[in-house]
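Visitor: First, the structure itself, so that you have it in front of you.
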Amino acid sequence: MLDAGLLVPTAATGLYQRSGDFEDAVRAVEAWAGSLRLDAYPRRSLPPILPRADFLQTDYLRSFPDLAGIVSVFTGGDAEHRALLEDLDAGGNGSTVLEPAETVLSSAVCHSVYPTLDPAIPDEGLRLEASGFAFRHEPSLDPVRMQSFRMLEHVCVGTPAQAEAHRDVWLPRMAEGLGSLGLDVRIEAANDPFFGRVGRMLAANQQQASLKHELVVDIHDEKPTAIGSTNYHEDHFSVLFDLTTPDGNLAHSGCAAFGLERIALALLSRHGLEPGHWPTEVRRELG
Ligand code: ATP
Ligand code: ZN
Ligand code: MG
Numbered sequence: 335m336l337d338a339g340l341l342v343p344t345a346a347t348g349l350y351q352r353s354g355d356f357e358d359a360v361r362a363v364e365a366w367a368g369s370l371r372l373d374a375y376p377r378r379s380l381p382p383i384l385p386r387a388d389f390l391q392t393d394y395l396r397s398f399p400d401l402a403g404i405v406s407v408f409t410g411g412d413a414e415h416r417a418l419l420e421d422l423d424a425g426g427n428g429s430t431v432l433e434p435a436e437t438v439l440s441s442a443v444c445h446s447v448y449p450t451l452d453p454a455i456p457d458e459g460l461r462l463e464a465s466g467f468a469f470r471h472e473p474s475l476d477p478v479r480m481q482s483f484r485m486l487e488h489v490c491v492g493t494p495a496q497a498e499a500h501r502d503v504w505l506p507r508m509a510e511g512l513g514s515l516g517l518d519v520r521i522e523a524a525n526d527p528f529f530g531r532v533g534r535m536l537a538a539n540q541q542q543a544s545l546k547h548e549l550v551v552d553i554h555d556e557k558p559t560a561i562g563s564t565n566y567h568e569d570h571f572s573v574l575f576d577l578t579t580p581d582g583n584l585a586h587s588g589c590a591a592f593g594l595e596r597i598a599l600a601l602l603s604r605h606g607l608e609p610g611h612w613p614t615e616v617r618r619e620l621g
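Residues 335 to 621, numbered by the numbering used here, are exactly what the sequence shown covers, in order.
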């Protein structure tokens, strides 16, 4: 990908600029992933940042401190500006003067959505398509592990039965859809990389309760690559944001997430580096 100029590396490991061809492929994948929607529910396009207070409330920083990205800003006057210039002149990075912003980088697209919902979830449940950027501080030389990437998620908030049904519908739907793009995809039980000793316990619980599944393909020989996942959060986000179903109970939520760059990379590795020459069925499927 790098040799072919599809991804242009930068000074930061795992941060790439995209060639026109790569970007076209990602946008085609995004439109395709959206087109798998089951009804005409609302679509949202999300900025790469979210309110800091919402982020802190989601517990992401507690569970994944190693992956999170916090934004700093300058809010001072002339005196602070002088201090900043001195710090920079002395080879510093400004951190002695900059302050945490009211926004932070988004780590997972659906997390930005829950705090903005009307907490009274309707009878039929709430469904939403959300697309946007995620930042994760996991610098890697492997282009499938980027620091900045996009995902499109089909999100459901409703009764436990509605949230579970969402997962049960989307897992095979994602596998079938990705299969129709010519990808040899398998479903695997998975867990999130919760940090530290307590984290290992949380990860084991998540596996045991079958809360996360991944759609994996073999891009490398060494280990399978997840190009999508389904996540059942039980009432995690509803407790935090008071999301309630009409029966007065806390709602449950779940999402089906498509990793847009990873799907594009899987297609490039499967069908060749020139999207114009991909098999006709695949190009038709992608629209
Ligand atoms: P992994 O196990 O590979 O770290 P994940 O479990 O962290 O993936 P999710 O949180 O489920 O991934 O995110 C949804 C999708 O976003 C993943 O299935 C994958 O396709 C994509 N994704 C996750 N992390 C990255 C990354 N660092 N670079 C590119 N795409 C990613
Ligand atoms: Zn999600
Ligand atoms: Mg990860």
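Every residue gets a Cβ at the ideal spot worked out from N, C-alpha and C, and that includes glycine.
Between which two residues does the alpha helix (DSSP H) carrying Y295 extend?
Guide: The shown model of the chain, from 335 to 621, leaves out residue 295, and the question about it has no answer.
Visitor: Counting along the chain, where does the alpha helix (DSSP H) carrying G533 start and finish?
Guide: G530 to Q542
Visitor: So, with DSSP's three-state summary, where would you put R361?
Guide: helix
Visitor: Under 8 Å by Cβ, that's how I've got A359 and A538 pegged, so tell me the actual separation to the nearest angstrom.
Guide: At roughly 37 Å, the Cβ-Cβ gap does not stay under 8 Å, so A359 and A538 are not in contact.
Visitor: For the stretch 358-437, list the beta strand (DSSP E) runs that are entirely contained and at least 3 residues long, ordered along the chain.
Guide: 377-380, 383-385 and 404-407
Visitor: Compare the Cα-Cα distances from D526 to each of Q541, P343 and H554 and report the closest residue.
Guide: Q541
Visitor: With respect to 6 Å, is the separation between the Cβ of E463 and the closest non-hydrogen atom of the ligand ATP below this value?
Guide: False, no ligand heavy atom lies under 6 Å from that Cβ.
Visitor: Residues with a Cβ closer than 6 Å to any heavy atom of the ligand ZN, in chain order?
Guide: A442, C444, E487, N565, C589 and A591
Visitor: Cβ of A560 within 6 Å of any heavy atom in the ligand ATP?
Guide: yes
Visitor: Under 6 Å from any heavy atom of the ligand ATP, does the C-beta of S440 make it?
Guide: no
Visitor: Could you check where the alpha helix (DSSP H) with V503 kicks off and where it finishes?
Guide: P494 to S514
Visitor: CB-CB under 6 Å to T392, same chain, minus the five flanking residues each way: which ones, in chain order?
Guide: H445
Visitor: Going by DSSP, what residue range makes up the beta strand (DSSP E) through I305?
Guide: Here the chain comprises residues numbered 335 to 621, so residue 305 is not present and cannot be evaluated.
Visitor: With DSSP run on the structure shown, which of helix, strand or coil describes R470?
Guide: Three-state DSSP puts R470 in coil, outside helix and strand.
Visitor: Assuming the contact rule is C-beta atoms closer than 8 Å, G348 and R479 should be a hit. Round their C-beta distance to whole Å, please.
Guide: 6 Å
Visitor: Give the single residue among I404, R361 and L419 whose Cα lies nearest to the Cα of G411.
Guide: L419
Visitor: Determine the direct distance from the alpha carbon of F398 to that of R371, and round the result to whole angstroms.
Guide: 30 Å
Visitor: Relative to the alpha-carbon of V431, which residue among L451, P456, V407 and E556 has its alpha-carbon at the smallest distance?
Guide: V407
Visitor: Please check the pair W504 and T564, which I expect to be a contact at CB under 8 Å, by giving their CB distance rounded to whole angstroms.
Guide: Sure, about 5 Å apart at Cβ, within 8 Å.
Visitor: With a Cβ-Cβ cutoff of 7 Å, do L594 and V363 count as a contact?
Guide: One thing to note: L594 has its Cβ within 7 Å of the Cβ of V363.
Visitor: Is any heavy atom in the ligand ATP found nearer than 6 Å to the beta carbon of F571?
Guide: Answer for F571: no, Cβ out of range of the ligand ATP.
Visitor: Have a look at A590 and H567 and give me their C-alpha separation to the nearest angstrom.
Guide: Straight through space, the alpha carbons of H567 and A590 are spaced by roughly 11 Å.
Visitor: Quick one: measure Cβ to Cβ for S544 and G466, integer angstroms, because I've assumed they're closer than 8 Å.
Guide: Between G466 and S544 the Cβ distance is about 27 Å, and since that is not below 8 Å, they are no contact.
Visitor: Report buried or exposed for L422, applying the criterion of at least 16 other Cβ atoms within 10 angstroms of its Cβ.
Guide: Exposed, by the Cβ-count rule.
Visitor: Answer yes or no: does any C-beta atom of chain D fall closer than 7 Å to that of T392?
Guide: No chain D is part of this structure, which consists of one protein chain only.
Visitor: Thinking C-beta only, is A435 closer than 7 Å to V405?
Guide: yes
Visitor: Near P449, which residues of its chain fall below 6 Å by C-beta distance, leaving aside the five closest residues on each side in sequence?
Guide: D388 and F575
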